[in-house]
Each structure stands twice: as structure tokens, then as C-alpha cells.
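Trainee:
Numbering (this note's numbering), first residue to last: -1 to 81.
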């Protein structure tokens, strides 16, 4: 199981549990992501992704995106795509 870094968290919104990411690689709806940081370590499948309030299916490097997460994340946490 390999991982490729696709972004990092710059903000977390408690309600509705959304991680705001700086994207460094392509992320698609349905991708399996691994969030990792000092106190963060979980994997999840992408089921909701938005750019400026609009649902998107794919986001590419250089964009910022909000992804609904099942757990709290923290600024600086790294995000990896599991292949």
C-alpha cells in the first residue's frame, strides 16, 4: 500500500467537520485519504468535496478545497492519497 502526499490542512471547521486543504496533488471523489499529524492519524474515503461552496468531483494542485472528515484535524496535518 503506497501513499503520495496530496496536500496539507490549513484550517478545520468544527461544524460541519470540514478540513480546508492546500492541494499539492490531484484528489478525486472516492479516493482513500490518510490524514497524519502530531495527534492525527486516520484514513477515510472522500464523500464530499467543495470549492467555495460548490460540490466538485476532482481538485488539482494549487487549489484550496474543503473535505468533510469524520474526525478533527489540525493545521499542518499532512494528507496522503492511498494507492
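Note that the Cβ used here is the ideal one computed from N, Cα and C, for glycine as well.
Could you work out which residue in 12, 25, 16, 11 is closest to residue 78 when comparing CA atoms only?
Mentor: 25
Trainee: Using the beta-carbon count (16 or more within 10 Å), is residue 81 buried or exposed?
Mentor: exposed
Trainee: Does DSSP put residue 13 in a helix, in a strand, or in coil?
Mentor: coil
Trainee: For residue 64, count neighbouring C-beta atoms within 10 Å of its own C-beta (all shown protein chains included) and say buried if the count is 16 or more, exposed if not.
Mentor: By the neighbour-count rule (16 or more Cβ atoms within 10 Å), residue 64 is buried.
Trainee: Alpha carbon to alpha carbon, what distance is there between residue 21 and residue 46?
Mentor: 15 Å
Trainee: Residues bridged to residue 75 by DSSP?
Mentor: Looking at the DSSP assignment, residue 75 forms no beta bridge with any residue, so it has no partner.
Trainee: Which residues does DSSP list as the beta-bridge partners of residue 5?
Mentor: When DSSP reads this structure, residue 5 sits in a beta bridge with 21, 77.
Trainee: Is residue 61 helix, strand or coil when you go by DSSP?
Mentor: coil
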